[in-house]
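> If you scroll down you'll find the structure; I have some questions about it.
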Amino acid sequence: MTKTFILQHEHEWCDREDVKFIGVYATHDDARAAMERLRVQPGFRDWPDGFSIAEYEIGVDHWTEGFVTMINILVPSRTNAGTYLVAGSAWRPGDFYEIVDVEDAADAIFGVGDVVQCAEDAVPGHGDCMLVAKSAVQDSAEP
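In this text, residue positions in the sequence shown follow my numbering: the first is 1, and each later residue adds one.
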């Protein structure tokens, strides 16, 4: 056997993706039969279009590059104390965050390319446990 078939189920709930790894099968027909058995079960029957079957070859790397963990942080405004702007950032080892985009960049204390340390804070209008950029750190080369 050089190929397998992966059955998963995915659906969005409260703006989050919920992915369930169901199983690995020797044939596409076996994976489809498992899908048909599950289609009537609670949860699955509510999102019947969430099933997917993917073919994978055994002994082959299917992921050949690294990855970046992206997370939104809040950046203080230059002009309005207590106001924060949402910034997309890439997590870096040591819990540093490299800003890759920021809304209203001209008003943000930190900008694209800055590496910042964050602290968790309650921020009215945003949430009780938000990552807020507190200070810039010297950029360090990635290993």
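Every residue, glycine too, gets a C-beta built ideally from N, C-alpha and C.
Based on Cα-Cα distance, which residue from D18, Q117, V137 lies nearest to H130?
Counted from its first residue, the sequence shown places residue 130 at position 130. In the sequence on display, residue 130 carries Met and not His. Of the listed residues, the one whose Cα sits closest to M130 is Q117.
> Kindly indicate which three-state DSSP category F29 falls into: helix, strand or coil?
Numbered from its first residue, the sequence shown carries residue 29 at position 29. Note that residue 29 is Asp in the sequence shown, not Phe. Reduced to three states, the DSSP call for D29 is helix.
> Just how far apart, CA to CA, sit D18 and L38?
On the sequence shown, residue 18 is found 18 positions in, with the first residue counted as 1. On the sequence shown, residue 38 is found 38 positions in, with the first residue counted as 1. When rounded, the distance between both Cα atoms is 16 Å.
> May I ask which residues mark the beginning and end of the beta strand (DSSP E) holding H9?
Here the question's residue 9 lines up with position 9 in the sequence shown. Run containing H9: 3-13, per the beta strand (DSSP E) assignment.
> Please check the pair R85 and V100, which I expect to be a contact at CB under 8 Å, by giving their CB distance rounded to whole angstroms.
Here the question's residue 85 lines up with position 85 in the sequence shown. Here the question's residue 100 lines up with position 100 in the sequence shown. For clarity, residue 85 is Leu in the given sequence; the question names Arg instead. Not confirmed; about 14 Å, so no contact.
> For the candidate residues A119, F51, A105, H9, whose alpha-carbon lies nearest to that of G94?
Counting from one through the sequence shown, the residue named residue 94 turns up at place 94. Nearest C-alpha to G94: A119.
> I need the boundaries of the beta strand (DSSP E) containing S135, first residue and last residue.
Numbered from its first residue, the sequence shown carries residue 135 at position 135. Start and end: 127-137.
> To the nearest angstrom, report how far apart P143 and T64 are at their CA atoms.
Position 143 of the sequence shown, counting from 1, holds the residue named residue 143. Position 64 of the sequence shown, counting from 1, holds the residue named residue 64. Here P143 scores only 42 on pLDDT, less than 50, and its place in the model should not be relied on; the value that follows carries that caveat. Each residue's Cα considered, the two are about 17 Å apart.
> Quick one: is D49 buried, meaning 16 or more other Cβ sit within 10 Å of its Cβ, or exposed?
As a first step, residue 49 must be located in the sequence shown, where it is residue number 49. The residue is exposed, with fewer than 16 neighbouring Cβ atoms inside 10 Å.
> Spell out a yes or no on whether the stretch 24-43 and the stretch 68-75 are touching, meaning 3 or more CB-CB pairs, one atom from each, closer than 8 Å.
No, the stretch 24-43 is not in contact with the stretch 68-75.
> Within the same chain, show all residues whose beta-carbon is closer than 7 Å to that of T27, passing over the 5 residues directly before and after it, in chain order.
For this step, residue 27 is matched to residue 27 along the sequence shown. Hits under 7 Å: F5.
> Mind reading off the beta-carbon distance from V123 to I73? Whole number of angstroms is fine, and I expect it under 8 Å.
Locating residue 123 in the sequence shown gives position 123, counting from the first residue. Locating residue 73 in the sequence shown gives position 73, counting from the first residue. In fact, because the Cβ distance is near 11 Å, the residues do not count as touching under 8 Å.
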